[in-house]
Amino acid sequence: MNYFELFNISVSFDVDLSALSQTYQQLQRLTHPDKFASGSEQDKLVAIQKNAQVNDAYSTLKSPLPRAEHILSLRGIDLQHEQQTIKDTAFLMQQMEWREALAELDDNSDPLDVLASLEDEIKHNVKSDLSKLQSLLASEQEAAALQAADVIRKLKFLYKMLAEIELKEEALNDF
Amino acid sequence: MAYSEKVIDHYENPRNVGGFDKNDPKIATGMVGAPACGDVMKLQLKIDDNGIIEDAKFKTYGCGSAIASSSLVTEWVKGKSIDEAVEIKNTDIAEELALPPVKIHCSILAEDAIKAAVEDYKSRQN
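Same order as they appear, the protein sequences are chains A and B. The first sequence begins at 130 in this note's numbering and counts up by one. The second sequence begins at 34 in this note's numbering and counts up by one.
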């Protein structure tokens, strides 16, 4: 299923988010199962499926990482189901250091400060990776697509880290 | 998802957590990561002159299954030669810990960590 086609836009990493949200609302209304309340069982079933597709498409297209993964899957590179590991030592060392910093946060006198600077550093890395991804995905070349896949794999570690920082922030703010 | 008793045991009482000095020539370090879940694993082996693994330590940031998988392999590799250690398959780990299909990648991570550490050892020998 090509989600870009469903939303009637061209396959591209650059997406107009406000236009996307408008199209989403339209498609939501058009496929809403309530509209088919008086229809046949078959119509209802089709509406439910279409509605679910619209929701999946929107959540995929609105966030950069799933969007990038979707573009690659349309080019035959399936990242979602791969189980291979990465072995880039320098990159993994950095991941280890960030995770250690997060784990040792509780011993720090000003944990929220440390957390904020950690978050800044990672967001800075995410930003530069996303712009790399943008130019790699703009290329039609196979080599660029494979490089894009590598950037996505690494970004997954960064997003995971950001999610953990957010949890930690919430926990700290509860006190 | 229910964890097996063995996973819970390794998760609650992980064996051999920590690290060795990575600059020590007897120490081999393997670093691996699983993009599927963002887990990171470091496995260090202390290898004697005959290529026998004397000791092993790990540090893993990840889910219970990833921690259990790495804890288990530190127990398994001790006393083995490096050639025997690289024969450990992820399927052995998954079977021992009764990992569900969605957690198979955790056992792959542990298998690859052994391989990465042994590669590191061999590259230092040359």
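Every residue gets a Cβ at the ideal spot worked out from N, C-alpha and C, and that includes glycine. Quick caveat: nothing in here was measured; it's all calculated off a predicted structure.
Just to make sure I have the definition right: I need the residues of chain A whose C-beta is within less than 8 Å of the C-beta of Leu-132 (chain B). Which are they?
Within chain A, no residue comes near Leu-132 (chain B); the closest Cβ sits about 12 Å away, beyond 8 Å.
Is there a C-beta anywhere in chain B that falls below 8 Å from the one on Gln-224 (chain A)?
Yes, Gln-224 (chain A) lies at the interface with chain B (some Cβ there is under 8 Å from its Cβ).
Check each candidate in B:Lys-39, B:Ser-98 and B:Gly-71 and name the one with the smallest Cα separation from Pro-134 (chain B).
Nearest of B:Lys-39, B:Ser-98 and B:Gly-71 to Pro-134 (chain B), Cα basis: B:Ser-98.
Contact criterion: CB-CB distance below 8 Å. Does Thr-189 (chain A) meet it with respect to chain B?
It does not: the Cβ of Thr-189 (chain A) has no partner Cβ on chain B nearer than 8 Å.
Closer than 8 Å by beta-carbon distance: list the chain B residues that pair up with Gln-212 (chain A), in chain order.
Going along chain B in sequence order, the residues near Gln-212 (chain A) (Cβ under 8 Å) are Ala-67, Ala-69, Ile-137, His-138 and Ile-141.
Give me the Cα-Cα distance between Thr-214 (chain A) and Pro-58 (chain B), rounded to the nearest whole angstrom.
Rounded to whole angstroms, Thr-214 (chain A) to Pro-58 (chain B) spans 26 Å at the Cα level.
Decide if Ala-143 (chain B) is buried, meaning its Cβ has at least 16 other Cβ atoms within 10 Å, or exposed.
Flag for Ala-143 (chain B) reads buried.
In three-state DSSP terms, what is Gly-52 (chain B)?
Coil at Gly-52 (chain B), not helix or strand.
Rounded to the nearest angstrom, how far is the Cβ of Leu-78 (chain B) from that of Val-110 (chain B), given a contact under 8 Å?
With a Cβ gap of about 7 Å, Leu-78 (chain B) and Val-110 (chain B) count as contacting.
Does the Cβ-Cβ distance between Phe-142 (chain A) and Leu-287 (chain A) come in under 8 Å?
No, these two residues do not count as a Cβ contact at 8 Å.
By how many angstroms is the C-alpha of Ile-137 (chain B) removed from the C-alpha of Leu-76 (chain B)?
Cα-Cα distance, rounded: 18 Å.
Could you pull the start and end residues of the beta strand (DSSP E) that Thr-62 (chain B) belongs to?
60–67 is the span of the beta strand (DSSP E), which, as asked, contains Thr-62 (chain B).
To the nearest angstrom, how far is it from the Cα of Leu-296 (chain A) to the Cα of Lys-289 (chain A)?
When rounded, the distance between both Cα atoms is 11 Å.
Give the DSSP-derived three-state secondary structure of Ser-147 (chain A) in the structure shown.
Three-state result, Ser-147 (chain A): helix.
Show which residues of chain A have a CB atom less than 8 Å away from the CB atom of Val-73 (chain B).
Leu-221, Gln-224, Met-225, Arg-228 and Phe-286, listed in chain order.
Apart from the five residues on each side of it in sequence, which residues of its chain come closer than 7 Å, Cβ to Cβ, to Ile-115 (chain B)?
Closer than 7 Å at the Cβ level, and outside the excluded window around Ile-115 (chain B), lie Ile-80, Gly-84, Ile-86, Val-151 and Tyr-154.
At which residues does the alpha helix (DSSP H) containing Thr-214 (chain A) begin and terminate?
From DSSP, Thr-214 (chain A) is part of no alpha helix (DSSP H); its letter is neither H nor E.
Kindly identify the DSSP beta-bridge partner or partners of Ser-114 (chain B).
Ser-114 (chain B) pairs with B:Ile-85.
What does a CB cutoff of less than 8 Å around Ser-188 (chain A) pick up in its chain, not counting 5 residues either side in sequence?
Excluding residues within five positions, the ones whose Cβ falls inside 8 Å are Pro-195.
Please tell me whether Lys-297 (chain A) has its Cβ less than 8 Å away from any Cβ of chain B.
So no, Lys-297 (chain A) is outside the interface.
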